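> Pasting a structure here, questions to come.
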Amino acid sequence: MNQMKSLSNSILFLCIIFSVTITAQEAKYADLLQNIDSREKTSLNGKWDIIVDPLENGFYNHRLQEYDKGYFKNAKMQSPSDLVEYNFDTSLQLNVPGDWNTQMDKLYYYEGTLWYKKDFNYTATSNEESFLYFEAVNYEAIVYLNGEKLGKHVGGYTPFQFNVTDKLVEGNNFVVVKVDNKRKKENVPTVNQDWWNYGGITRSVHLINVPKTHIEDYSVQLEKGVTNKISGWVSVANAKDGDAVSVQIPELKKTVKATVKDGKASFVINAKPSLWSPDSPKLYEVVLETTTDKIIDQIGFRTVTTDGSKILINGKETFLKGISIHEEAAFKTGRVVSVEECKVLLNWAKELGCNFLRLAHYPHSEAMVKEAEKMGFLIWSEIPVYWTIQFENEDTYANAENQLTEMISRDKNRASVVLWSMANETPESEPRLAFIGNLAKKARQLDNTRLITAALDTQGTSDDGNLIEDPLGEVVDVIGINNYCGWYYADVDACSSIKWASAYNKPMIMSEIGGGALFGLHGDKNEIWTEEYQEALFKSNIEMMKNIDFMAGLSPWILMDFRSSRRPLRRIQDDFNRKGLISEQGMKKKAFFTLQEYYLDMDKK
Ligand code: GCU
1062 MNQMKSLSNS ILFLCIIFSV TITAQEAKYA DLLQNIDSRE KTSLNGKWDI IVDPLENGFY
1122 NHRLQEYDKG YFKNAKMQSP SDLVEYNFDT SLQLNVPGDW NTQMDKLYYY EGTLWYKKDF
1182 NYTATSNEES FLYFEAVNYE AIVYLNGEKL GKHVGGYTPF QFNVTDKLVE GNNFVVVKVD
1242 NKRKKENVPT VNQDWWNYGG ITRSVHLINV PKTHIEDYSV QLEKGVTNKI SGWVSVANAK
1302 DGDAVSVQIP ELKKTVKATV KDGKASFVIN AKPSLWSPDS PKLYEVVLET TTDKIIDQIG
1362 FRTVTTDGSK ILINGKETFL KGISIHEEAA FKTGRVVSVE ECKVLLNWAK ELGCNFLRLA
1422 HYPHSEAMVK EAEKMGFLIW SEIPVYWTIQ FENEDTYANA ENQLTEMISR DKNRASVVLW
1482 SMANETPESE PRLAFIGNLA KKARQLDNTR LITAALDTQG TSDDGNLIED PLGEVVDVIG
1542 INNYCGWYYA DVDACSSIKW ASAYNKPMIM SEIGGGALFG LHGDKNEIWT EEYQEALFKS
1602 NIEMMKNIDF MAGLSPWILM DFRSSRRPLR RIQDDFNRKG LISEQGMKKK AFFTLQEYYL
1662 DMDKK
C-alpha cells in the first residue's frame, strides 16, 4: 500500500511541476516594434503600381509550380518571357492605405490576388537597423524586397514587420506585395461574414529605421490589483547583459534604472499616478531610454476588475454605455484609413453619450485605439473568430492565436483596452469550447491585467425567459450576449417583458441588440425598415435591459450603417447593413436619440 501511495504522490508531484512550468512559461509576444509613432520612419503610403491577377500567373507558372521556388527569382515581373504581360511600369495605380473595392468600380466585388509595387529611395546610415512595417493587409500578404521574398503574413487586421537591414541597397529599392483576400473555410474569419471583404493594403506601410541596439518592445502598466506600483519590462535588441535602461515618468518625478539580462530589463516604480478613467483619461509621458535609443509613449494607468456581476474601473463600479463599431469610413465608405476618419466615428459615439466601444469584429487600427484612449473610451477589442470557424483545424487555431498575440502585443500598453474578445457568435461544440478556451489561456498568459470576453448567441429560454448557460460562460470573465429581440425573433412589443437569468455570477454585456432602418424612411412603427420601427425596437429592448440586474453594460449594433455582401436588398440595403443608428452619410436616425436619452438619463441618476 505504501508503495502505491508514494507512486501516486510522485505522479501528482510531477503533474504539479509540469503545470507550474507551463503556467510560468513566459508568453512570447509578436516580433513587433512597440509604438511606431515614436520611431523615425519613412512613409511608403501613396500611389502604388498594381496588377490584378485572378489566376495568380505572377506566382505560379502554367504547371502551377511556384515561381518563388526558383522558377522566378526576380519579382519585378518583367524578365521571364512568359510574364512579359506583367509590367508594373505601365500598370494602373491604387492608393495605399486603402481597400481596392472602393477605389475602382471593377474591383468592387473582387476577391483574389492583386500585386502591389512601390519604388523608394534609401540612404544607408551606419549602425542602424531597418524594418518594413505593415499596419494591416487583408487577408494574406507575401512580401518581396528588391526581388527577394521576405515572407508571408496571414490575417487582415494586425500589424507585421520584416527586418530588412541587410536587404536594402543605397538609392532605389522596390517592394512588391502579393495580396490575396480570397475567403477560405480554414481562414480566420472563415468564408461567411456579415461585413464586406475589403481587400488590399488597408493600413499604412512604413520603413522604420532604429539604432542597431534599440528598444524593440516594452510593457508599462500598473501591477495587477494595486494602484501604487507600476511595473514592466523593456526588451532591447542587440544589447549586452548589464546594458542600462532608464524609465522616466517626468510628471511623477520618477526615474528608475534597470539593466538588461538576456535582452530584457524589468523594473518597478513605486508611485501613485492619477488614474486613467472615462471621466478623466489621464495619460503620462513615459520616456524609455538606453545609451543608443529613446522612445516616448503616452500611457494611462488604471485597474479593471469584476466583482460578481459588476465591472469595476479603478475599484469603482462602472456601467459600460457603449456602441459597436465596424471599421467603415463615413461618407466615402470603405476601410477607415486616417485619424480624421477615426475621429468622425469617435465623435459620434461621444455625442451618443458612450464611455465604451466594441471595436467589432477584428482589431481596429492603432490610431483608433489611441484616439479612443485620449477621449476616455473603454474598449472591447476582438479577433475575427466569427461564426463557423474550423475549430478542429490546428492551422486555423494557430492563425487565430497569432492574430490574438499580435493584437495584444500592439495594444498591451493602452489603458483604454479593458476587454479582449475571443470570438463572436460561435456555435456550441466541444471543439469550439477547446479552441476558445485555449485562446483565453493564451490571452491570460500574455496579459493577466485585462478581462476576457466573447460575444455569445442568445441561448435557450426557460420559464425565467432567456437563460445564459453556454459553457463558454465558465471560461470568460465577462459574458457578451447578442440578442435580436424584435428583429430575428419575437415581436418588438414582446421584448420589454422578456426576463433574463444566468447560470454564472459574472458580468454580462449586451454586446448586440438592434434592427435595420433606412434613414428617411418613415411610417408606422410596425413597418419594418422604417426609422419608427427601429426606434420602437430600441425602446422595447431598453425596457428589457433595465430589468437585467447582472447586465454591466451594452454595445448595441451598431453606430453606423456598414457595407456587407449579405445585405443586397435593393432600395433599402443596397449592400449596406442598415442596423446603424447613423447612415453612412452621417444622417442620425430616430433610434440614435432613443439610445442617447437612455445614456443621458443614466448619467442623471
Ligand atoms: C450578428 C453579428 C453581426 C451582424 C449582426 C446582424 O449578431 O454578430 O456581425 O452584422 O448580427 O445580423 O446585423
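Residue numbers (our numbering): 1062 to 1666. Don't be surprised by glycine CBs; every beta carbon is placed ideally from N, CA and C. Every value quoted in this text rests on a predicted model; they were computed, and no experiment measured them.
(1) I need the straight-line Cα distance from A1300 to S1470, nearest angstrom please.
(2) Just to confirm my understanding: we take L1465, look at its own chain, exclude 5 residues before and 5 after, and list those with CB closer than 7 Å. What are they?
(3) For G1119, write down the residues that DSSP places opposite it in a beta bridge.
(4) Excluding the 5 residues preceding and the 5 following Y1423 in the sequence, name in chain order all residues of the same chain whose CB lies nearer than 6 Å to its CB.
(5) Using the C-alpha atoms, what's the distance from K1650 back to S1625?
(6) What residues in its chain sit with their C-beta under 7 Å from that of E1127, if we drop five residues either side in the sequence?
(7) Across which residues does DSSP place Q1282 in a beta bridge pair?
(8) Any chance the stretch 1236-1243 sits against the stretch 1257-1268, with 3 or more Cβ pairs inside 8 Å?
(9) To which residues of the same chain is F1452 closer than 7 Å at the C-beta, ignoring the five residues directly before and after it?
(10) Within the continuous beta strand (DSSP E) that includes T1466, where are the two ends?
(11) Taking the straight line between their C-alpha atoms, what separation do you get for E1432 and T1103?
(12) Provide the residue span of the alpha helix (DSSP H) that contains G1498, from first to last.
(13) For the beta strand (DSSP E) holding G1541, just list the boundary residues, first then last.
(14) How about N1544 and A1516: are their beta carbons less than 8 Å apart?
(15) Compare the Cα-Cα distances from I1374 to each of I1384, L1349, F1438 and report the closest residue.
(16) Would you call E1596 buried or exposed, if buried means 16 or more other Cβ atoms sit within 10 Å of its Cβ?
(17) With three or more C-beta pairs closer than 8 Å as the rule, is the stretch 1396-1411 touching the stretch 1352-1363?
(18) Residue range of the alpha helix (DSSP H) that L1153 falls in?
(19) Inspect the beta-carbon positions of G1383 and F1417 and report whether they are closer than 8 Å.
(20) Kindly examine ligand 1 and report whether one of its heavy atoms sits closer than 7 Å to the Cβ of E1573.
(21) Go through its chain and collect everything with a Cβ distance to F1599's Cβ below 7 Å, but skip five positions before and after it.
(22) Please report the residue range of the beta strand (DSSP E) in which Q1359 lies.
(23) Please name the residue or residues paired with T1320 in a DSSP beta bridge.
(24) Between A1326 and T1367, what straight-line distance do the alpha-carbon atoms span, to the nearest angstrom?
(25) Whole angstroms is fine: what's the gap from Y1205's alpha carbon to R1632's?
(26) For ligand 1, is there a heavy atom less than 7 Å away from the beta-carbon of E1486?
(27) Could you tell me which residues DSSP pairs with A1202 in its beta bridges?
(28) Could you tell me if the beta carbon of K1640 falls within a distance shorter than 7 Å of some heavy atom in ligand 1?
(29) Is there contact between the stretch 1198-1217 and the stretch 1150-1159, where contact requires at least three CB pairs shorter than 8 Å?
(30) Any heavy atom of ligand 1 closer than 7 Å to the beta-carbon of W1561?
(31) On the criterion of 16 or more Cβ atoms from any shown chain inside 10 Å, does T1274 qualify as buried, or is it exposed?
(32) Spatial neighbours of D1518 within its chain, please: C-beta separation below 7 Å, excluding the five flanking residues on both sides.
(33) Buried or exposed: which applies to T1082, given that a residue is buried once 16 or more other Cβ atoms fall within 10 Å of its Cβ?
(34) Considering Q1222, what are the terminal residues of the beta strand (DSSP E) in which it resides?
(35) Between the Cα of T1316 and those of V1347, K1411, K1333, spot the shortest distance and give me the residue it belongs to.
(36) Run through DSSP, which three-state label would I1574 get?
In brief:
(1) As a first step, residue 1300 is located in the sequence shown; it is residue number 239 there, counting from the start. As a first step, residue 1470 is located in the sequence shown; it is residue number 409 there, counting from the start. Computed Cα separation, rounded: 21 Å.
(2) Your numbering for residue 1465 matches position 404 in the sequence shown. The residues are I1444, L1500, K1503, A1504.
(3) By one-based count along the sequence shown, residue 1119 stands at place 58. DSSP lists no partner for G1119.
(4) Here residue 1423 is taken as the residue at index 362 of the sequence shown, counted from 1. For Y1423, where only same-chain residues beyond five positions count, the Cβ hits under 6 Å are Y1218, P1445.
(5) Within the sequence shown, residue 1625 is the residue found at index 564, counting from 1. Within the sequence shown, residue 1650 is the residue found at index 589, counting from 1. In a straight line, the C-alpha of S1625 is about 20 Å away from that of K1650.
(6) Counting from 1 along the sequence shown, the entry for residue 1127 is found at position 66. The residues are F1120, Y1121.
(7) As a working mapping, residue 1282 is identified with position 221 in the sequence shown. Answer by DSSP bridge pairing, in chain order: S1292.
(8) yes
(9) Mapped onto the sequence shown, residue 1452 falls at position 391. So the qualifying residues of the chain are S1490, P1492, R1493, F1496.
(10) Looking up residue 1466 in the sequence shown gives position 405. Not the beta strand (DSSP E): T1466 falls in the alpha helix (DSSP H), residues 1455-1472.
(11) Within the sequence shown, residue 1432 is the residue found at index 371, counting from 1. Within the sequence shown, residue 1103 is the residue found at index 42, counting from 1. Distance between the alpha carbons of E1432 and T1103 is about 22 Å.
(12) Within the sequence shown, numbered from 1, the residue matching residue 1498 stands at position 437. Start and end: 1491-1507.
(13) Position 480 of the sequence shown, counted from the first residue, corresponds to residue 1541. First-last of the beta strand (DSSP E) with G1541: 1539-1543.
(14) Counting from 1 along the sequence shown, the entry for residue 1544 is found at position 483. Counting from 1 along the sequence shown, the entry for residue 1516 is found at position 455. Not in contact: N1544 and A1516 (Cβ atoms no closer than 8 Å).
(15) In the sequence shown, residue 1374 corresponds to position 313, counting from 1. The residue with the shortest Cα to Cα distance from I1374 is F1438.
(16) Numbered from 1 along the sequence shown, position 535 holds the residue referred to as residue 1596. E1596 is buried by the Cβ-count criterion.
(17) no
(18) Along the sequence shown, read from residue 1 onward, the residue named residue 1153 stands at position 92. Per DSSP, L1153 belongs to no alpha helix (DSSP H); it is in the beta strand (DSSP E), 1153-1157.
(19) Residue numbering aside, residue 1383 sits at position 322 when the sequence shown is read from its first letter. Residue numbering aside, residue 1417 sits at position 356 when the sequence shown is read from its first letter. Yes; because the gap between Cβ atoms is below 8 Å, this pair is in contact.
(20) Indexing the sequence shown from 1 puts residue 1573 at position 512. E1573 Cβ: within cutoff of ligand 1.
(21) Sequence index remark: in the sequence shown, residue 1599 carries index 538 (1-based). Contacts found: A1652, T1655, L1656.
(22) As a position in the sequence shown, residue 1359 is number 298, starting the count at 1. 1355-1360 is the span of the beta strand (DSSP E), which, as asked, contains Q1359.
(23) On the sequence shown, residue 1320 is found 259 positions in, with the first residue counted as 1. DSSP lists A1305 as partners of T1320.
(24) For the purposes of this step, residue 1326 is taken as residue 265 along the sequence shown, with counting starting at 1. For the purposes of this step, residue 1367 is taken as residue 306 along the sequence shown, with counting starting at 1. For A1326 and T1367, the distance between alpha carbons rounds to 31 Å.
(25) Start at 1 with the first residue of the sequence shown, and residue 1205 comes out as number 144. Start at 1 with the first residue of the sequence shown, and residue 1632 comes out as number 571. Looking at the two C-alpha atoms, the distance is approximately 44 Å.
(26) The residue you call residue 1486 lines up with position 425 of the sequence shown. Yes, Cβ of E1486 sits closer than 7 Å to a heavy atom of ligand 1.
(27) Here residue 1202 is taken as the residue at index 141 of the sequence shown, counted from 1. According to DSSP, A1202 bridges with H1214, V1240.
(28) As a position in the sequence shown, residue 1640 is number 579, starting the count at 1. Correct: K1640 has its Cβ closer than 7 Å to ligand 1.
(29) no
(30) The count along the sequence shown starts at 1 and reaches residue 1561 at position 500. Incorrect: W1561 has no Cβ contact closer than 7 Å to ligand 1.
(31) The sequence position of residue 1274 within the sequence shown is 213, counting from 1. It is buried - the Cβ of T1274 has at least 16 other Cβ atoms within 10 Å.
(32) Within the sequence shown, the letter at position 457 stands for residue 1518. These residues qualify, in order along the chain: E1486, N1543.
(33) Numbered from its first residue, the sequence shown carries residue 1082 at position 21. In this prediction, T1082 has a pLDDT of 37, which is less than 50 and means its spatial position is unreliable; what the coordinates show is noted afterwards. That one is exposed.
(34) To locate residue 1222, count along the sequence shown from 1; it is residue 161. Q1222 -> beta strand (DSSP E) spans 1221-1224.
(35) Taking the first residue of the sequence shown as position 1, residue 1316 is located at position 255. Among V1347, K1411, K1333, the Cα nearest to that of T1316 is on V1347.
(36) Walking along the sequence shown from the start, residue 1574 turns up at place 513. Coil.
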